[in-house]
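Numbering (my numbering), first residue to last: 19 to 305. First up is the structure itself, then whatever we jot down about it.
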Amino acid sequence: MLVSAKEMLNKAREGKYAVGQFNINNLEWTKAILLTAQENNSPVILGVSEGAGKYMCGYKTVVGMVKGMLEELNITVPVALHLDHGSFEGAKACIDAGFSSVMFDGSHYPIEENIAKTKELVATCNKLGLSIEAEVGSIGGEEDGVVGAGECADPDECKAIADLGVTMLAAGIGNIHGKYPENWAGLSFETLEAVKNKVGDMPLVLHGGTGIPEDMIKKAISLGVAKINVNTECQLSFQAATREYIEAGKDQQGKGFDPRKLLAPGFEAIKATVKEKMELFGSIGKA
Ligand code: 13P
């Protein structure tokens, strides 16, 4: 059964660890992440961007696939299915399709509009028992063609959004999606502390989890981050394992061409990446 992310994130914040959100793109990624969570007794959040949702035929297909896997793989750890960086319309569509959690990313709107739209979605999610993530201060880098500049959020705006009753808040603290540039200034812990002082016990979300040094991840968790999003690192490990397999000519061995064999090294690579992150975030054994 899919669950809201609320309980797992509140427990993580209290226990000073973070739950990983790993983005899914297809059946292999989903299966790899779910099995790794189960094997390590860790709660997990499956992230679906609007682009990935379209790629997988639409949100209903995603819900059907994930629910089917929970049953047929005997997954008993808490799993939330979460829209990542959703538009207002996208969030509504995911709620209708049966997601257990949504992110509404209104960070590119003027704050009044972000507040109005977030408020409406909070009401819907509360009624249905779903969790909702909001964002203040856009996360840099590129995701699904949307490029953000990596702002630091205004702590007062964070409080205004947190007070609407969202489950978790993504505040920009200089983090970016994708690989970090050589001259990256690092996370702004000053901003994170200022946000935490304003929003109190609200679980905070760190986007752009790929490539952040381990000591910064640990410090962020100690300052209230309870959910960390990872996408690029799974893409990189999947790609590297697939390339190695092809370059070694292994796809040409044996009888015929078997796509299941071609995808197997990438599947194992994702499992290894997800386990490594769960260890770093401290969520192993916390289901
Ligand atoms: P990375 O791709 O940098 O890991 O970030 C993922 C993310 O924040 C998804 O919302």
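Cβ coordinates follow ideal geometry from the N, Cα and C atoms, glycine included.
Residue i to residue j span [Cα, whole Å]
| i | j | result |
| --- | --- | --- |
| Ile264 | Ile51 | 23 Å |
| Gln364 | Asn92 | Summary: the structure shown does not reach residue 364, with the chain confined to residues 19 through 305, and so no result is reported for it. |
| Ser118 | Met83 | 14 Å |
| Cys176 | Met186 | 11 Å |
| Ile235 | Thr54 | 21 Å |
| Ala30 | Ser206 | 22 Å |
| Lys216 | Lys24 | 20 Å |
| Ser22 | Gly272 | 45 Å |
| Ser125 | Lys268 | 46 Å |
| Leu148 | Gly38 | 18 Å |
| Ala178 | Met121 | 17 Å |
| Lys334 | Ile246 | Not covered by the structure: residue 334. The range shown for the chain is 19 to 305. |
| Leu101 | Ser301 | 21 Å |
| Ala180 | Pro128 | 16 Å |
| Asn144 | Thr136 | 12 Å |
| Met220 | Glu90 | 34 Å |
| Lys237 | Gln270 | 47 Å |
| Asp233 | Leu222 | 17 Å |
| Thr48 | Gly190 | 27 Å |
| Asn201 | Leu88 | 42 Å |
| Glu130 | Thr142 | 19 Å |
| Asp114 | Leu280 | 35 Å |
| Cys252 | Lys110 | 28 Å |
Span of the beta strand (DSSP E) around residue i
| i | result |
| --- | --- |
| Ala188 | Met186 to Ala189 |
| Lys245 | Val243 to Val248 |
| Gly104 | Val97 to Gly104 |
| Glu151 | Ser149 to Val154 |
| Val21 | It is not in any beta strand (DSSP E) - Val21 carries neither H nor E in the DSSP assignment. |
| Asn41 | Val37 to Asn41 |
Contact check, residue i vs residue j, beta carbons under 7 Å
| i | j | result |
| --- | --- | --- |
| Leu27 | Ile42 | no |
| Ala305 | Val95 | yes |
| Gly108 | Glu151 | no |
| Gly168 | Gly196 | no |
| Leu224 | Val248 | no |
| Ala188 | Glu153 | yes |
| Ala171 | Gly155 | yes |
| Glu57 | Phe285 | no |
| Ala36 | Phe299 | yes |
| Gly33 | Val81 | no |
| Val292 | Phe106 | no |
| Tyr77 | Gly71 | yes |
| Ala259 | Pro283 | yes |
| Ile288 | Gly226 | no |
| Leu210 | Leu254 | no |
| Asn44 | Gly303 | no |
Exposure label - residue i; buried when at least 16 CB within 10 Å
| i | result |
| --- | --- |
| Pro231 | exposed |
| Val165 | Because the pLDDT of Val165 is 49, which lies under 50, any placement of that residue in the model is unreliable, and the number read from its coordinates should be weighed accordingly. Result: exposed. |
| Met19 | exposed |
| Pro199 | exposed |
| Pro277 | exposed |
| Phe275 | exposed |
| Ala212 | buried |
| Cys112 | buried |
| Asn132 | buried |
| Leu146 | exposed |
| Cys75 | exposed |
| Gly159 | buried |
| Thr228 | buried |
| Gly104 | buried |
| Asp123 | buried |
Opening and closing residue of the alpha helix (DSSP H) in which residue i lies
| i | result |
| --- | --- |
| Gly82 | Tyr77 to Glu90 |
| Val66 | Careful: Val66 lies outside any alpha helix (DSSP H), inside the beta strand (DSSP E) at Val62 to Ser67. |
| Leu280 | Pro277 to Phe299 |
| Gly33 | Lys24 to Gly33 |
| Ile51 | Leu45 to Glu57 |
| Asn215 | Phe207 to Val217 |
| Met234 | Glu232 to Ser240 |
| Leu224 | Segment Leu222 to Leu224 is the beta strand (DSSP E) holding Leu224; no alpha helix (DSSP H) there. |
| Asp174 | Pro173 to Ala180 |
Neighbour flag for residue i against chain D, beta carbons, 7 Å
| i | result |
| --- | --- |
| Val62 | Protein chain content of the structure displayed is limited to a single chain, and chain D is not contained in it. |
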